[in-house]
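As they're listed, the protein sequences go chains U and C. Heads up: the first sequence is residues 1 to 205, going by this note's numbering. Heads up: the second sequence is residues 206 to 671, going by this note's numbering. Ideal placement from N, C-alpha and C gives every residue a C-beta, glycine not left out. A quick note: this is a predicted structure, and the numbers were derived from the prediction, not measured. This report concerns only the one structure given below.
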Amino acid sequence: MEPFIKHNGAVLPLNRVNVDTDQIIPKQFLKRIERTGFGQFLFNDWRFLEDGSPNPDFILNKPGYENASILVGGRNFGCGSSREHAPWALLDYGFKCVIAPSFADIFFNNCFQNGVLPVVLPEETVNQILEKAEANPGYQLHIDLDGQRVWDEDEEIVSGFEIESFRRYLLLNGLDDIGLTLERDDEIATFEANRSTHGGVLTGD
Amino acid sequence: MAPKTMFEKMWDSHIVHEEEGQPTVLYVDLHLVHEVTSPQAFDGLRMNNRKVRRPELTVATADHNTPTWELTKPIIDPIAKAQLDALDKNCDEFGVTLYDRFSPLQGIVHVIGPEQGYTQPGKIIVCGDSHTSTHGAFGAFAMGIGTSEVEHVLATQTIRQFKPKTMEIRIDGTLGKGVTAKDVILAIIGKIGIGGATGHAIEYTGEVMRNMSMEGRMTVCNMSIEGGARAGMVAPDDTTFEYMRGRAQVPQGDEFDAAVEQWRNLATDEGATYDTVVTIDGSSLEPHLTWGTNPGMEGPISGKVPNPASYEDAGDRESIGRALEYMGLEPDTLMTDIKLDRVFIGSCTNSRIDDLRAAANIAKGKKVSDSVYAMVVPGSAAIKKQAEEEGLDKIFTEAGFDWRIAGCSMCLGMNPDILSPGERCASTSNRNFEGRQGKGGRTHLVSPEMAAAAAIAGHFVDVRDW
Ligand code: SF4
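Right under this line is the structure:
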């Protein structure tokens, strides 16, 4: 996994609440058995018209947003299906960071697993960013994970953000957590040994 | 010892490693696997030269892509076939039990887990599928995970989790005639909103839950995720134990009775508190249905489609307006005036034998409306068989329903069962997102009773008057 330390990129303002993972990557594209190649299907049903041509009304197709790498959306972003294909599609398309006032749990977690940084900012700040990015295609943000800070060129937007230190550590170092857990192999084995004395019945004591 | 909630008991008893500021490493008792979210995880294992730590605690099934009409025909879609083949190969290579599409026990992963008795109280159960919350109906801590986590569980038999908060949803009173578990959970999501339980593990309590069948409890827990919850659960009781007794994977005879005594201790202790409490008066509920493009956009059958103009919040006006446009509905339309093209009875929410009996009871001796194409897809091969032994298939086919082979089918339309653009469907599944059942398709979520009645009438009707 690529480490995430700092990022500077253009914003895609997706001014909708409850963007669900069925929209991020519709189910007809879940049949690949690789992790790559999903970017072409990102937001497929919003992005393309019936005849397969780009929908000119969808923000991603508007001039000036083609190279966006920071997606800014409304509250409860990523709700619905657990499909990790959603962050795969975002990453494959070129998004490194998603900013929203709140995220659905599984999507939030899946982002970290793939080196995509989800940032929670206050709704007011998100709305300001959305306005600025809608008015000004190519509008850029800077994100510093180490310093936990987001800002724009003219420093009208400057905001800190919270992130669990463990997740920050994994992202900064591009680590996956399987290796870390496997270092606890002894503890897992001890747990298993104790567990088997319960005769397999789980009592909750 | 301080009193604990059921969730806290399960959490505490599964801690392998705990450290301030880090997600806790929890032991996983049962890992369910299906073809869509697992190929990349097995690939990851191979790339890193890792094994499946406990193949005997891992069970796989092919459900999402499985055709539901003719199993012997080759699968036409080459990519779907690649995914099913990958599952075969991965299970074989890593020693995982697989119920493939030809197995007599095949079915939707969240249906066969409980059916075979893999799902048991006190277990931590995970699956790369958000509706894993279904298994919480047995008093398990069951949650959906992403593919990277599937790989983590395969390799370590553990999962890293930040501890969720707890939420009690208490449903008091008694449900009226024609009001089902589906209506309870739709009403709950309507009340708390689709992000209302984010970061929480829900425990459903109250008289309505105590009196509810296991099938009903599974329906309620299944849709916990539609309220954003990490998991949903119900304390195990005699209803749970009677349902489990004798199933293939549960302890048998005296061992079962001994297990039951242990499982009784799981219930939340007197005096334990939850972070949030929500109460619902079950006696006042009516049949519910969704009118919009997420499960929280719902209302009672006696009501009307909302009018965006009457909402103060600009965001609400915008999202309701957009939903109605997608759904092709005029504001203030009576729910009972909404006409249908398709009816789908199935999915891990409502495809169990109780659901099929309830729907058959409505359909018996009637005919599906000329303007409607209706299908019934049992949740598992075993349910299909049982339904056929009870003659339910005859009732359905005589009424004009299509009777299918078990699978996810039109719940998400990964196999060829899909809606055409603009088609309107009454569905017993769990998601009505844009395009969920086919691009441009319009989904209304309802109970099996409501779906069967709508199929016959050609539009929604209040089953209480049926
Ligand atoms: S029936 Fe639908 S919700 Fe359930 S597992 Fe299958 S696709 Fe997912």
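| query | result |
| --- | --- |
| I want to verify the contact list: residues of chain A whose CB lies under 7 Å from the CB of Pro511/C, in sequence order. | Annotation note: the requested chain A is absent from the structure, which comprises protein chains U and C. |
| Which value, in whole angstroms, describes the spacing of the CA atoms of Pro326/C and Gly344/C? | 5 Å |
| Tell me whether the beta-carbon of Asp546/C lies closer than 7 Å to the beta-carbon of Arg629/C. | yes |
| From this set, Ile550/C, Leu292/C, Thr538/C and Thr541/C, which residue's C-alpha is nearest Gly612/C's C-alpha? | Ile550/C |
| Look up Asp282/C in the DSSP assignment and say whether it is helix, strand or coil. | coil |
| Return the chain-ordered ranges of every beta strand (DSSP E) run that is complete within the segment 309 to 386 of chain C and spans a minimum of 3 residues. | 329 to 332, 346 to 349, 363 to 366 and 370 to 377 |
| Helix, strand or coil: how does DSSP classify Glu153/U here? | coil |
| Tell me whether His7/U, by its Cβ, gets closer than 6 Å to a heavy atom of the ligand SF4. | no |
| So which of Ser634/C, Asp670/C and Gly437/C has the shortest CA-CA distance to Asn499/C? | Ser634/C |
| When you compare only the Cα positions, how much space is there between Leu391/C and Arg365/C? | 31 Å |
| Given 6 Å as the limit, tell me if Ser552/C has its C-beta closer than that to any heavy atom belonging to the ligand SF4. | yes |
| Contact check, Val120/U vs Ala100/U under 8 Å by CB: the rounded distance? | 7 Å |
| Just the C-alpha distance for Leu561/C and Gln311/C, rounded to the nearest angstrom, thanks. | 18 Å |
| Name, going along the chain, the residues of the segment 637 to 652 of chain C whose beta-carbon falls closer than 7 Å to a beta-carbon of chain U. | Phe638, Glu639, Gly640, Arg641 and Lys644 |
| Indicate, with yes or no, if the ligand SF4 has a heavy atom lying under 6 Å from the CB of Ile25/U. | no |
| Compile a chain-ordered list of the residues in the segment 226 to 239 of chain C whose CB is closer than 7 Å to at least one CB of chain U. | Gly226, Gln227, Pro228, Val230, Tyr232 and Asp234 |
| Can you tell me whether Gln148/U is helix, strand or coil according to DSSP? | coil |
| Tell me whether the segment 393 to 410 of chain C and the segment 476 to 493 of chain C touch, counting them as touching only if at least three CB pairs, one residue from each stretch, are closer than 8 Å. | yes |
| Is it the case that the CB of Ile426/C approaches a heavy atom of the ligand SF4 more closely than 6 Å? | Note on identity: in this sequence residue 426/C is Cys, with Ile being the wrong assignment. Checking every heavy atom of the ligand SF4 against the Cβ of Cys426/C, none is found closer than 6 Å. |
| Looking at the secondary structure, which residues open and close the alpha helix (DSSP H) in which Asn109/U lies? | Asp105 to Gln113 |
| What residue ranges within the segment 213 to 243 of chain C form continuous beta strand (DSSP E) runs of no fewer than 3 residues, ordered along the chain? | 220 to 222, 229 to 232 and 235 to 239 |
| Is there a Cβ from chain U that is less than 7 Å from the Cβ of Gln311/C? | no |
| Pick from Pro63/U, Asn18/U, Lys27/U and Trp46/U: whose alpha carbon is nearest that of Val11/U? | Pro63/U |
| In whole angstroms, give me the CA-to-CA distance for Gly73/U and Asp105/U. | 16 Å |
| Return the residue from the list Ala592/C, Asp521/C, Val666/C and Asp542/C that minimises the CA-CA distance to Arg16/U. | Asp521/C |
| What residues in the segment 16 to 36 of chain U bring their beta carbon closer than 8 Å to a beta carbon of chain C? | Arg16, Val17, Asn18, Asp20, Asp22, Gln23, Pro26, Lys27, Gln28, Leu30, Lys31, Arg32, Ile33, Glu34 and Arg35 |
| Give the straight-line distance between the Cα atoms of Gly160/U and Pro122/U, rounded to the nearest whole angstrom. | 10 Å |
| Using only the heavy atoms of the ligand SF4, determine whether one of them is closer than 6 Å to the beta carbon of Ile313/C. | yes |
| Mark His198/U as exposed unless 16 or more other C-beta atoms lie within 10 angstroms of its C-beta, in which case mark it buried. | Low per-residue confidence applies at His198/U: pLDDT is 46, beneath 50, and the placement is therefore not dependable, though the value from the model is reported in the following sentence. Counting Cβ neighbours within 10 Å, His198/U comes out exposed, since fewer than 16 surround it. |
| With respect to the alpha helix (DSSP H) encompassing His2/U, which residues constitute its N-terminal and C-terminal limits? | It is worth fixing the name first, because residue 2/U is Glu in this sequence and not His. No alpha helix (DSSP H) contains Glu2/U, which DSSP labels as neither H nor E. |
| List the residues of chain U that Arg737/C touches, going by C-beta distances under 7 Å, in chain order. | What the structure shows of chain C is the stretch from 206 to 671, and residue 737/C is not part of that stretch, so it cannot be assessed. |
| Residues of chain U with a CB under 7 Å from the CB of Val241/C: which are they? | Leu30 |
| Can you give me the C-alpha to C-alpha distance between Gln591/C and Asn254/C, rounded to a whole angstrom? | 43 Å |
| Look at the Cβ atom of Tyr232/C, then the Cβ atom of Thr363/C, and state whether they are nearer than 7 Å. | yes |
| Pick out whichever of Phe191/U, Gly37/U and Gly9/U has its Cα sitting closest to the Cα of Val98/U. | Gly9/U |
| Of all the residues that make up the segment 485 to 500 of chain C, which are near chain U by a beta-carbon distance shorter than 8 Å? | Asn499 |
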